[in-house]
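Single-structure report; data block below.
Protein chains: 2
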Amino acid sequence: MPKLPVIVGGTIAIDNVITPQAEAKDLLGGSASYAALAASYFTRPVHLVGIIGHDYPQHHIDMLEAHGVTLDGVERSEGESFTWSGEYHDNMNDRTTHRVGLNVLESWQVKVPAAISTTPIVVLANMSPDNQLQMLAGSTASPRFVIADTMDLWINIANERLHDVLKELDLFVINEGEAREFTGTANLILAGKRLLAKGPRNVIIKLGEFGAMLFTGDSENWEVSPQTFFRSAAFPLHEVADPTGAGDTFLGALAGYLASLGKTDFSFDDIRQAVVKGSILASFTCEEFSTRKLQSLTHEDIATREQLFKVLTDW
Amino acid sequence: MPKLPVIVGGTIAIDNVITPQAEAKDLLGGSASYAALAASYFTRPVHLVGIIGHDYPQHHIDMLEAHGVTLDGVERSEGESFTWSGEYHDNMNDRTTHRVGLNVLESWQVKVPAAISTTPIVVLANMSPDNQLQMLAGSTASPRFVIADTMDLWINIANERLHDVLKELDLFVINEGEAREFTGTANLILAGKRLLAKGPRNVIIKLGEFGAMLFTGDSENWEVSPQTFFRSAAFPLHEVADPTGAGDTFLGALAGYLASLGKTDFSFDDIRQAVVKGSILASFTCEEFSTRKLQSLTHEDIATREQLFKVLTDW
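Chains P and B are the protein sequences, given in the same order.
Last residue of the first sequence? That's 315 in this note's numbering, and every number before it is there in order.
Last residue of the second sequence? That's 630 in this note's numbering, and every number before it is there in order.
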């Protein structure tokens, strides 16, 4: 079947990042930027939905377009772009946010242009649940497959709206710490089961350097089985230069791979494979600041790493 | 080739454990108890080396003997047995030690009886590096394969002696937090490489609920490759009743499996398989207090779980 396009809504940011080794400014950032770029390695076009200010660096836009990402859904505002400045500490897991400039995001109402509103694979990358619901309302494909991510901020300040989003999802992606917080249990298997009970047909808990867990099926009487659970490792990296965007990359690669299958009803095995693609692409993102590594990949780079990953985890 | 016996030295304890759900007293505990019992599912006899006091419960001894564990190497002292009392908190990872009674351990000098001194698979379960070196001095098999574990306490108060142990090892097993502390890096791939540089020919970093990493080969110019690195997941558990001894179980099962191969020179693939056996047995230990689950397994239980584990992690 011919590949399907993907629509990705979320934030587009200007990032300033400090790590124990180096510092970089005016970087391409934002959940949707990473996700769209990652998806572009599996299917094109990828329709980006977001908002940028008058000050957004043109070369970032150019790079995205060169990867088959369309920007018709990106609103250009007279305000200043959303910006994030943060610092990673020695272990590269803990980070401190120095400054968040919401700017154009503050009053953003997501609008999906008619020309891309029927895109069947819908990615709600990390943004406010209100924005995610607006994007869903503007996405009119039927059938469709909806995938969403979130973050701790929304669990804390928009919990009810986030639950509204969850009811609409085919696949919900969340990281480990957030999953524990959101479900009130430290046991991740139980957390996955409880997330399924909130509505999504599939749930992925991202474990950072430890991989990911996929849960699927009816939450009532859910049990670990070959039809309901998959455990993927992460590709081993001896150096992490900048983990920003790894989770967004995972999300985008996963969605792009699913879209490349040319359908909207996926088997459990399709989603297993998608988790692996997500893990592979996320590992590249960690190797350089921002999207520098991600944007320069070849299909051979990806295939080679996937093959190595297979051997490193097989027994 | 006929299976080889294993010799396991370490602590034999009386444990008192509190979890958020329950409490249990006078439990079989200690690094060597778990390791010997786990090894017994793969090869017999398993020669236990340790020390107990006059107050040690006879039914624990009986249970070990019923599993093919010999106690000729266990010294019976007139003092009181080593005892540990601790409490697990909500997340079942953090624990508080309420009381450690070293008792008979305090002045223990490991003696290996002549009849078992030539056992070729030697396990130095967690005990002081001094005790580990004493056990090594009493183990005269040639060729032999020596596997050791440790804990944060020895990294802190017996660092130099621990380094002496490391130079003698074929395989060193350590948990994630200790590996980071011991090597001064948060990156586990780098930590593994640095541990190899301390002497052991193989290193395993245990990741608890996230599995394990195996490193092998010359530490100079070491790189991740199919010949030098293996990443195993952990079997998913929706409820952890008591994680005490899971790491010791991992160690013992791994050693028992290797011994069952009837040789002392192992291929990388042999050790990969051993890591999987360790993960499987450790998952059982977590399911009930102390060795209650571990001691009641059948070979079919183990085979069934291994098969399920394979399917849950394959792609």
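Even glycine gets a Cβ: it sits at the ideal position worked out from N, Cα and C.
Relative to the alpha-carbon of residue i, which residue among the options has its alpha-carbon at the smallest distance?
i      : options                           : result
P:G138 : P:R201, P:G278 and P:A114         : P:A114
P:L196 : P:K25, P:M213, P:H89 and P:A13    : P:M213
B:S355 : B:H375, B:E496, B:A339 and B:T385 : B:T385
P:P120 : P:E300, P:V8, P:V240 and P:L297   : P:V8
B:L596 : B:K340, B:G345, B:A350 and B:E421 : B:A350
P:N221 : B:R459, B:G368 and B:H553         : B:H553
B:E615 : B:N331, B:F357 and B:A494         : B:F357
P:L28  : P:Y257, P:A246 and P:I12          : P:I12
P:G30  : P:R44, P:L64, P:T19 and P:P5      : P:L64
B:H404 : P:A186, P:P200 and P:D314         : P:A186
B:A549 : B:T600, B:D580 and B:H369         : B:T600
P:R272 : P:A24, P:F250 and P:L105          : P:F250
P:I51  : P:G68, P:A32 and P:L37            : P:A32
P:I14  : P:Q58, P:A191 and P:A38           : P:Q58
P:S296 : P:A38, P:I147 and P:T150          : P:A38
P:P129 : P:T118, P:V146, P:V104 and P:E160 : P:E160
P:D72  : P:V49, P:E80, P:G79 and P:E78     : P:V49
Kindly identify the DSSP beta-bridge partner or partners of residue i.
i      : result
P:M213 : P:I205 and P:R231
P:T97  : P:G86
P:I12  : For P:I12, which the question treats as bridged, DSSP gives no partner whatsoever.
P:R76  : P:I52
B:F487 : B:A463 and B:V518
B:H362 : B:I322 and B:T385
B:V591 : Per DSSP, none; premise fails for B:V591.
B:I431 : DSSP, once it has assigned bridges, lists no residue as partnering B:I431.
B:V539 : DSSP output for B:V539 lists no bridge partner at all.
B:I333 : B:E338 and B:E402
Apply the 10 Å Cβ neighbour rule to residue i and answer buried if 16 or more other Cβ atoms are within range, or exposed otherwise.
i      : result
P:Q132 : buried
P:A303 : exposed
P:T140 : exposed
B:M316 : exposed
B:E538 : exposed
P:L171 : buried
P:V6   : buried
P:T298 : exposed
P:I116 : buried
B:G560 : buried
B:N517 : buried
P:V311 : exposed
B:A381 : exposed
P:S267 : exposed
P:A22  : exposed
B:S540 : exposed
By the DSSP assignment, the beta strand (DSSP E) with residue i in it spans what residues?
i      : result
P:L86  : The identity of residue 86 of chain P in the sequence shown is Gly, whereas the question assumes Leu. First-last of the beta strand (DSSP E) with P:G86: T83 to Y88.
B:A556 : Per DSSP, B:A556 belongs to no beta strand (DSSP E) and is neither H nor E.
P:D26  : E23 to G29
P:L124 : I121 to L124
Tell me the residue span of the alpha helix (DSSP H) that contains residue i.
i      : result
P:H67  : Counting along the chain, P:H67 falls outside any alpha helix (DSSP H), and DSSP gives it neither H nor E.
B:A578 : The amino acid occupying residue 578 of chain B in the given sequence is Lys; Ala does not appear at that position. It is not in any alpha helix (DSSP H) - B:K578 carries neither H nor E in the DSSP assignment.
P:D149 : First-last for P:D149: F145 to D149, but that is the beta strand (DSSP E), not the alpha helix (DSSP H).
B:F497 : E491 to T498
P:I302 : H299 to T313
P:K193 : L188 to L196
B:H478 : N474 to L481
P:A137 : P129 to A137
Quick one: which chain C residues come within Cβ less than 9 Å of residue i?
i      : result
B:L484 : Absent here is chain C; the protein component of the structure consists of chains P and B.
Using 8 Å as the Cβ pair cut-off and three pairs as the minimum, do the segment 81 to 88 of chain P and the segment 97 to 117 of chain P touch? yes
Decide if the segment 174 to 194 of chain P is in contact with the segment 203 to 219 of chain P; the criterion is three or more beta carbon pairs, one per stretch, under 8 Å apart. yes
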